[in-house]
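Read the structure below first, then the notes.
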Amino acid sequence: MDHVNHFDTKATYWIMRAEYLVGFIACVVLALVHFGDIRWWAAILLFFSIDVIGYYPGAIAFKRAKGGPIHKAYYVLYNTMHNWFAAAALAGLWVLAFGVEWALLAIPLHLCADRGLLGNTLKPFSVAFEPEPLPAFQSFIAQVTGKQQHRPVQDPTPAEASAA
349 MDHVNHFDTK ATYWIMRAEY LVGFIACVVL ALVHFGDIRW WAAILLFFSI DVIGYYPGAI
409 AFKRAKGGPI HKAYYVLYNT MHNWFAAAAL AGLWVLAFGV EWALLAIPLH LCADRGLLGN
469 TLKPFSVAFE PEPLPAFQSF IAQVTGKQQH RPVQDPTPAE ASAA
């Protein structure tokens, strides 16, 4: 929400997703326009390398831990591979090794799809590797929005209390 309060409301979260959807659509349009110019084996390699390195190891560890805690290294791998710094580094290394090519669209396509289509963001250490509702956060959201998630139990009125 701001640099002091690190959370998004539903509206700001959906705006962020919409921004990434614009990026995703731009990548898809460019890929379609330059379809014949894309080396598809390279595009597929670039697209999946992000998850092969950054997501699958943590997802497997999380499944094996049956929802329990997993090593922080999996979060670091995920966050490293799913940010624009790593994307720029990967693209830069690719350009140095193979030159500029349309297959590089796979990198922003992946990141924009993750954030825009799937709603994934970077993973903080304080939450489960796979999304799960946090009771404290759900309570906080209810407090901030004024919406109760569960009907509160009310104390009986004096008449009800004396009748019991």
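Residue numbers for the sequence shown follow the working numbering, beginning at 349 and rising by one. Even glycine gets a Cβ: it sits at the ideal position worked out from N, Cα and C.
- Annotation: the continuous alpha helix (DSSP H) that includes R365 extends over 358-381.
- Collapsing the DSSP output to three states places I392 in a helix.
- Note that the region 427-444 touches the region 399-413; at least 3 beta-carbon pairs, one per stretch, sit closer than 8 Å.
- Check the Cα spacing between A409 and each of Y423, T493, L438: the tightest is with Y423.
- Counting along the chain, L444 sits inside the alpha helix (DSSP H) bounded by residues 432-446.
- For I408, the enclosing alpha helix (DSSP H) starts and ends at 404-412.
- By the Cβ-count criterion, A421 is exposed, with fewer than 16 other Cβ atoms from all chains shown falling within 10 Å of its own Cβ.
- Comparing alpha-carbon positions, the option among A490, R365, T357 lying closest to G467 turns out to be R365.
- Comparing C-alpha distances from C375 to each of G440, A435, A454 shows the shortest one belongs to A454.
- DSSP, reduced to helix, strand and coil, places H419 outside both helices and strands of the structure shown, so it counts as coil.
- Remark: fewer than three beta-carbon pairs, one from each stretch, lie closer than 8 Å, so the region 472-484 and the region 434-449 are not flagged as touching.
- Contact between F396 and G464 fails: their C-beta atoms lie close to 18 Å from each other, not under 8 Å.
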